[in-house]
Amino acid sequence: MNTVQLECFLTVAEYLNFSKASEALKLTQPAVTHQIQSLEKELDVKLFRRTSKNVSLTQEGYLFLADAQLILKTAISARERLGNHEHFLPLELGCHNQAELRLLPPVLHDLYEEYPLLRPNIRLIPLPSLMNMLENNQIDAALGLRENRKKSSLYYKELCMARYACICAPRHPLAQHASLTMRQLSAAGNFIACTPRPFPDSFFSVQNHLLSNLPPVNRFLTDNMDSALALVKAQIGYTIYPDIPAARDRDLRYIPITDLPAASFGVYCRPDHDLPVLKRFLALMGESLSLPPLPDAT
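So in our numbering, spot 293 of the sequence shown is number 295, and the numbers just go up one at a time.
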């Protein structure tokens, strides 16, 4: 396996078109095809499904994407580091949605001020595979709600306790409330839920309680929280999620739900989190979420 094979694989996966990939790579199409075929032979799997009309990733191709990105990035980073004789500090971070992503810029700014050789990378992956990547040493830390994971060796640092909130557009009828109860939400029209895969069971049980009390016409199901918030902004309905003030979308309203317990939000990493830059990242994340909350959007 070499970097040319990986670059060809990732470029074809991006364009899903061998002709466009060959133009981007400045290689002939037969050369790109040869690199893909040799990589498939080495891995003993088919990475792409090709027909006369389109190209698509196979299940094995999807699974190999994250590995290929990491291997290529590591190879390029090593080449640059050895060529420049610099000791860069890579930091691979993961988060599930845009709300978690909004927490990182101020922390990474301060961390970079302290470690000028820091080279952070952020993976936005709204799937349980994010935690598997952490366990397999593909990322260094991941933000998320606390999960009761069986047989997990991961270290969890709680950053805050987040109260559940109803999230709606400013013009939604619920936006006029200062607080809400689950009973009120059950009679509030369209509820936009997320599939249970990216979330801990405690969050899904809250969603399921609302769904079970709604007629099918008022139920909307999305693949992830970002999709749910897009429908909320379209004023199709409301959703619920533990509210972290620093992660709020300023275009939406967040109304506390008073009869639900707060959820633990924090950062996961491996037990051997003894690298100075990672320890400092954990400390800065804790300091960041202890600051006064942002005001509600109006």
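For every residue, glycine included, the Cβ atom is placed at its ideal position computed from N, Cα and C.
- Message: Going by DSSP, what residue range makes up the beta strand (DSSP E) through P244?
- Response: Walking along the sequence shown from the start, residue 244 turns up at place 242. Run containing P244: 241 to 245, per the beta strand (DSSP E) assignment.
- Task: Kindly give me the distance between the Cβ atoms of A164 and F267, rounded to whole angstroms, as I take these residues to be in contact under 8 Å.
- Result: Translated into the one-based positions of the sequence shown, residue 164 becomes position 162. Translated into the one-based positions of the sequence shown, residue 267 becomes position 265. With a Cβ gap of about 5 Å, A164 and F267 count as contacting.
- Item | When R252, N220, D251, M227 are compared against I238, the one with the closest alpha-carbon | Within the sequence shown, numbered from 1, the residue matching residue 238 stands at position 236. The residue with the shortest Cα to Cα distance from I238 is N220.
- Span of the beta strand (DSSP E) around K159: Locating residue 159 in the sequence shown gives position 157, where the first residue counts as 1. Residues 157 to 170.
- Item | E102, buried or exposed, once every other Cβ within 10 Å from all chains shown has been counted against 16 | For the purposes of this step, residue 102 is taken as residue 100 along the sequence shown, with counting starting at 1. Burial call: buried.
- Message: Here's a check: name, in chain order, each residue in its chain whose Cβ is nearer than 7 Å to the Cβ of H174, leaving out the five neighbours to either side.
- Response: Residue 174 sits at position 172 when you count from the first residue of the sequence shown. Excluding residues up to 5 positions away in sequence, Q237, Y240 lie with their Cβ nearer than 7 Å to the Cβ of H174 in the same chain.
- Message: the ligand SAM and F66: does the residue's C-beta get closer than 6 Å to at least one heavy atom of that ligand?
- Response: In the structure on display, the ligand SAM does not appear, and there are no ligands present to speak of.
- Based on Cα-Cα distance, which residue from S207, I124, N99 lies nearest to P263? Against the sequence shown, residue 263 aligns to sequence position 261. Distance check between P263 and each of S207, I124, N99 places S207 closest, using alpha-carbon atoms only.
- Message: So L105 and S290 are supposed to be a Cβ contact under 8 Å. How far apart are they, rounded?
- Response: By one-based count along the sequence shown, residue 105 stands at place 103. By one-based count along the sequence shown, residue 290 stands at place 288. The pair is a contact, with the Cβ atoms about 7 Å apart (cut-off 8 Å).
- Query: So, using beta-carbon positions, are C170 and R252 closer together than 7 Å?
  - Reply: Walking along the sequence shown from the start, residue 170 turns up at place 168. Walking along the sequence shown from the start, residue 252 turns up at place 250. Going by C-beta atoms, C170 is not nearer than 7 Å to R252.
- Check whether S181 and P92 have beta carbons under 7 Å apart: Within the sequence shown, residue 181 is the residue found at index 179, counting from 1. Within the sequence shown, residue 92 is the residue found at index 90, counting from 1. Result no, Cβ atoms of S181 and P92 do not sit closer than 7 Å.
- Cutoff 7 Å; reference R52; Cβ partners in own chain excluding five residues on either side: Counted from its first residue, the sequence shown places residue 52 at position 50. No residues qualify anywhere along the chain.
- Under 7 Å between C-beta atoms of D225 and T197: In the sequence shown, the residue the question calls residue 225 occupies position 223. In the sequence shown, the residue the question calls residue 197 occupies position 195. Yes, they are a contact pair.
- Query: At what residue ranges does the stretch 118 to 147 contain a whole run of the alpha helix (DSSP H), taking only runs of 4 or more?
  - Reply: 131 to 137
- Message: Taking the alpha carbon of K28 as the reference point, which residue from C10, Q100, I242, I141 has its own alpha carbon closest?
- Response: One-based indexing of the sequence shown puts residue 28 at position 26. Here the closest residue by C-alpha is C10.
- Item | Where T35 falls: helix, strand or coil (DSSP) | Sequence index remark: in the sequence shown, residue 35 carries index 33 (1-based). In the structure shown, T35 sits in a helix (DSSP, three-state: H, G or I).
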